[in-house]
């Protein structure tokens, strides 16, 4: 029998079907990384312990064993992430999320404001603290919503940093644009168009939810209580501005942003969320006191 990695010159007594790309390989090449499995460059199916797969192989090319522990899954996933080009991980998801939060904070709060903070400018200090308190939950819950929706659909997922995205975020932060893509939720699995759309839409929807809370607080403050200025009103407008921007940016329908996947899945959902986030973002700019 022929292994697709060894070539037609070598015969093997047993070849095993890769559960990810469905190719046939010998024991040496059955590991995805040993046969350059296409799944490594996109998303992979449910993780399988290849040692169990080989040792329990019965001779049929259709049968393989999936009985592995959650710890085996996690170790194999981390190995795949470390081997994936462009992906950076600091060792665990919590550290990666914290690093991503700091990068988003630099991009949205502005390097100039952070510099002013260290010069003793009280307004800058106050503004930076408020921004961080808004950005951290907005960003982290955006990413975790992707993760838990993927887990709900039986895909293994976690947040990782992305090398090119880090540089883009830092460079655009310097010029005040805010291209916020320091990382993403990597998914092991092959979600279909609908699953991909549902996993992607919950991130921007989370930020829209926060922005709507800010908008409601503005309405109560100005419309009912008659407040026209002050610290609280400033905070409420910043909640709308920051979360509106995060949602609007991620809904852009290109590259690997959420918007591209949502647009491909359901254009009505994409248009509706994009319009809502755009209106709230513009409101926070033009009506902020």
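Residue numbers (the numbering used here): 5 to 293.
For glycine and all other residues, C-beta sits at the position ideal for the given N, C-alpha and C.
(request) Look at the alpha carbon of residue 81 and the alpha carbon of residue 229, and state the distance between them as a whole number of angstroms. (result) The count along the chain shown starts at 1 and reaches residue 81 at position 77. The count along the chain shown starts at 1 and reaches residue 229 at position 225. Going by the C-alpha atoms only, they are around 53 Å apart.
(message) By the three-class DSSP mapping on this structure, what secondary structure does residue 34 have?
(response) For the purposes of this step, residue 34 is identified with residue 30 of the chain shown, where counting begins at 1. In this structure, residue 34 counts as coil in the three-state DSSP scheme.
(request) Can you tell me the Cβ-Cβ gap for residue 208 and residue 255, rounded? I've got them flagged as a contact below 8 Å. (result) Working through the chain shown from its first residue, we reach residue 208 at position 204. Working through the chain shown from its first residue, we reach residue 255 at position 251. Between the beta-carbon of residue 208 and that of residue 255 there is about 5 Å, and that keeps the pair under the 8 Å contact cut.
(request) Could you spell out the range, first to last residue, of the alpha helix (DSSP H) harbouring residue 273? (result) Locating residue 273 in the chain shown gives position 269, counting from the first residue. Looking at the DSSP string, the run of the alpha helix (DSSP H) that includes residue 273 is 271 to 290.
(message) Tell me whether the segment 264 to 281 and the segment 231 to 239 touch, counting them as touching only if at least three CB pairs, one residue from each stretch, are closer than 8 Å.
(response) With the cut-off at 8 Å, the segment 264 to 281 and the segment 231 to 239 do not touch.
(message) Distance check for residue 272 and residue 104, CA to CA, integer angstroms please.
(response) Residue numbering aside, residue 104 sits at position 100 when the chain shown is read from its first letter. Residue numbering aside, residue 272 sits at position 268 when the chain shown is read from its first letter. Whole-angstrom Cα-Cα distance: 30 Å.
(request) Below 8 Å on the Cβ atoms is my guess for residue 288 versus residue 227; work out the distance and round it to an integer in Å. (result) Here residue 288 refers to the residue found at position 284 of the chain shown. Here residue 227 refers to the residue found at position 223 of the chain shown. Distance from residue 288 to residue 227 at the Cβ level is roughly 16 Å; contact not present, criterion being Cβ atoms closer than 8 Å.
(request) Specify the secondary structure class of residue 18 as computed by DSSP and reduced to three states. (result) Position 14 of the chain shown, counted from the start, is the residue given in the question as residue 18. Here residue 18 carries a coil assignment [DSSP, helix/strand/coil].
(request) With DSSP as the reference, please indicate the residues paired to residue 191 in a beta bridge. (result) To locate residue 191, count along the chain shown from 1; it is residue 187. Under DSSP, residue 191 takes part in a beta bridge, and its partners are 161.
(request) Excluding the 5 residues preceding and the 5 following residue 91 in the sequence, name in chain order all residues of the same chain whose CB lies nearer than 8 Å to its CB. (result) Mapped onto the chain shown, residue 91 falls at position 87. Residues of the same chain with a CB within less than 8 Å of the CB of residue 91, apart from the 5 flanking positions on each side, are 85, 164, 165, 166, 167, 190 in chain order.
(request) From the DSSP output, read off the bridge partner residues of residue 11. (result) Walking along the chain shown from the start, residue 11 turns up at place 7. For residue 11, the pairing in a beta bridge is given by DSSP as 7.
(request) Go through its chain and collect everything with a Cβ distance to residue 293's Cβ below 7 Å, but skip five positions before and after it. (result) Here residue 293 refers to the residue found at position 289 when the chain shown is read from its first residue. If we look at residue 293 and ignore the five residues flanking it on each side, its Cβ neighbours are 232, 233, 237.
(request) Just tell me which of 195, 251, 286 has its CA closest to the CA of residue 185. (result) Here residue 185 refers to the residue found at position 181 of the chain shown. Comparing Cα-Cα distances from residue 185 to each of 195, 251, 286, the minimum goes to 251.
(request) Check whether the segment 197 to 216 touches the segment 143 to 150, counting contact only when three or more Cβ pairs, one atom from each stretch, lie closer than 8 Å. (result) The segment 197 to 216 vs the segment 143 to 150: in contact.
(request) Taking residue 183 as part of the alpha helix (DSSP H), name the residues at either end of that continuous run. (result) Locating residue 183 in the chain shown gives position 179, where the first residue counts as 1. Run containing residue 183: none; DSSP gives neither H nor E here.
(message) Less than 7 Å between C-beta atoms, sequence neighbours within five positions excluded: which residues of the same chain meet that for residue 182?
(response) Along the chain shown, read from residue 1 onward, the residue named residue 182 stands at position 178. Here residue 182 has 111, 112, 176 as same chain residues with Cβ atoms under 7 Å from its own Cβ, once five neighbours each way along the sequence are excluded.
(message) Quick check on residue 153: buried or exposed, where buried means 16 or more other Cβ atoms within 10 Å of its Cβ?
(response) Residue numbering aside, residue 153 sits at position 149 when the chain shown is read from its first letter. The residue in question, residue 153, is buried, as its Cβ has 16 or more Cβ neighbours within 10 Å.
(request) Determine the DSSP secondary structure at residue 112, reduced to helix, strand or coil. (result) Along the chain shown, one-based indexing puts residue 112 at 108. Helix.
(request) Leaving out five residues on either side along the sequence, give the residues of the same chain with a beta carbon under 6 Å from the beta carbon of residue 157. (result) Residue 157 sits at position 153 when you count from the first residue of the chain shown. Closer than 6 Å at the Cβ level, and outside the excluded window around residue 157, lie 199.
(request) Can you tell me which of 139, 39, 217 puts its alpha carbon nearest to the alpha carbon of residue 22? (result) Within the chain shown, the letter at position 18 stands for residue 22. When each option's Cα is compared against that of residue 22, the closest is 39.
(request) Would you verify that the beta carbon of residue 252 is, or is not, closer than 8 Å to some beta carbon of chain C? (result) The chain labelled as chain C is not found in the depicted structure, where only one protein chain is given.
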